[in-house]
């Protein structure tokens, strides 16, 4: 699993407004088949490194995984 793909998914999820990003763990678990520990690790890493300038355009992929 690439960091880029998961981070793009998280940015899409953030922009969609489907959930507060603190609630994103179950979304990562479902979309990428992560266990809870891995999903939390990915989310924390994204949050700690988040820069909105990294995402000028985000389009929902039909298949993120």
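Residue numbers (the numbering used here): 937 to 1001. No residue lacks a Cβ here, since even glycine has one placed at the ideal position from N, Cα and C. All values reported here derive from a predicted model rather than from experimental measurement.
Judged by DSSP in its simplified three-state form, residue 969 adopts coil rather than helix or strand.
In this structure, residue 980 lies away from residue 964, with their beta-carbon atoms at least 8 Å apart.
In this structure, residue 946 sits near residue 982, with a CB-CB distance shorter than 8 Å. Here the C-alpha atom of residue 940 lies approximately 19 Å from the C-alpha atom of residue 958. Counting only residues of its own chain and dropping the five nearest sequence neighbours on each side, residue 943 has a CB closer than 6 Å to the CB of 982.
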